[in-house]
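A.B. asks:
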């Protein structure tokens, strides 16, 4: 039995959560149905042993690199045999052939690589291609990187729509998109449902708090990468042994209603331990 005040309080919280777009699961503190993925940084086969190891460790899905030298039929056989979901791909050309380069020939190579990523992603059954949008250098100003990268990503939106694959822009150590407010504005300016954010929790710790970025980006977030970080040795720490406040990260993800993939971008060592850490830190199951 509960009294009227407690009933109204609980009902009000549930309604408020629904109004804010927070999953119903979050109202009682439960974890949404996040799926555990692993970023597999390989471009050559055989791929089946890696898939089998990931499945045995407890991962539900994998993210592959593209363009790659993998045999597509072999990849699909490994996917079907293990039941792992290939939820997306990450580019292999966006650092060398950036969409912010002043040379049109360099940019065209980058654009064609992303188009190939979309083709591969669709064939694998994925939903997103991870794109590093620009790189600021002593020869490429921040303003030029911003304008050029947006102009070139707009060229890819028709391809994204054709393939049914979303462009997921990631914040990395490229001296670009250095605040959550700017990152959100950058995405909004496309005015397209085919462009969103691939938020990497570890990449922003040097100059910000990931929970703040998550709350600012909100529904713009398509996918999540996780890795650990601490200034002394940067990304070389195991999950949970750096300076990231994982309880705050989890709370922010629930608050904004995120319910998708959480993919570990860490060295392929002791996969079972990585799964255990993900379960513990984010209360995943």
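Numbering (the working numbering), first residue to last: 1 to 285. Even glycine gets a Cβ: it sits at the ideal position worked out from N, Cα and C. Treat the numbers as computed from the prediction; the structure is a model and nothing was measured.
Do you know whose CA, among 222, 164, 30 and 256, lies nearest residue 171's CA?
C.D. replies: With distances taken between Cα atoms, residue 171 lies closest to 222.
A.B. asks: Does residue 80 come out as helix, strand or coil in the three-state DSSP assignment?
C.D. replies: Residue state, collapsed to three classes: helix.
A.B. asks: Taking the straight line between their C-alpha atoms, what separation do you get for residue 18 and residue 256?
C.D. replies: Below a pLDDT of 50, predicted positions are generally treated as unreliable, and residue 18, at 38, falls in that range; no measurement from the model is reported.
A.B. asks: Take residue 75 and list the residues in its own chain whose beta-carbon comes closer than 6 Å to its own, dropping the five residues that flank it on each side.
C.D. replies: The residues are 47.
A.B. asks: What residues in its chain sit with their C-beta under 7 Å from that of residue 22, if we drop five residues either side in the sequence?
C.D. replies: Residue confidence is low: residue 22 scores 41 on pLDDT, short of 50, so the model does not pin down where it sits. Its coordinate-derived value is still stated next. Around residue 22: 254, 255 and 257.
A.B. asks: So, for residue 71: in the same chain, excluding its five sequence neighbours on each side, which residues have a beta-carbon less than 7 Å away from its beta-carbon?
C.D. replies: Excluding residues within five positions, the ones whose Cβ falls inside 7 Å are 45.
A.B. asks: Nearest to residue 219 by CA position, among 179, 203 and 187, is which residue?
C.D. replies: Taking only the C-alpha atoms, the option nearest residue 219 is 187.
A.B. asks: DSSP has residue 230 in a bridge; who is on the other side?
C.D. replies: Answer is 234.
A.B. asks: Rounded to the nearest angstrom, what separates residue 190 and residue 64 at their Cα positions?
C.D. replies: About 26 Å.
A.B. asks: What separation, rounded to the nearest whole angstrom, lies between the Cα atoms of residue 282 and residue 161?
C.D. replies: When rounded, the distance between both Cα atoms is 33 Å.
A.B. asks: Helix or strand or just coil, what does DSSP make of residue 131?
C.D. replies: Residue 131: strand per DSSP, three-state reduction.
A.B. asks: Taking the C-alpha atoms as reference points, what is the distance between residue 238 and residue 270?
C.D. replies: Their Cα atoms are separated by approximately 11 Å.
A.B. asks: Mind checking residue 205: buried by the 16 CB within 10 Å criterion, or exposed?
C.D. replies: Classification for residue 205: buried.
A.B. asks: Under 6 Å Cβ to Cβ from residue 261, same chain only, skipping five residues before and after it: list those, please.
C.D. replies: Result list for residue 261: 35, 37, 87 and 223, in chain order.
A.B. asks: Cutting at 8 Å between CB atoms, please list the residues of its own chain near residue 259, excluding the five before and the five after it.
C.D. replies: Correct list, in chain order: 23, 32, 33 and 34.
A.B. asks: How would you write the range of the alpha helix (DSSP H) that residue 159 sits in, first residue to last?
C.D. replies: Note, residue 159: alpha helix (DSSP H), 142-163.
A.B. asks: Evaluate contact between the region 101-113 and the region 179-186, counting only Cβ atoms and requiring at least three cross-stretch pairs below 8 Å.
C.D. replies: The region 101-113, when compared against the region 179-186, does not touch it at the 8 Å Cβ threshold.
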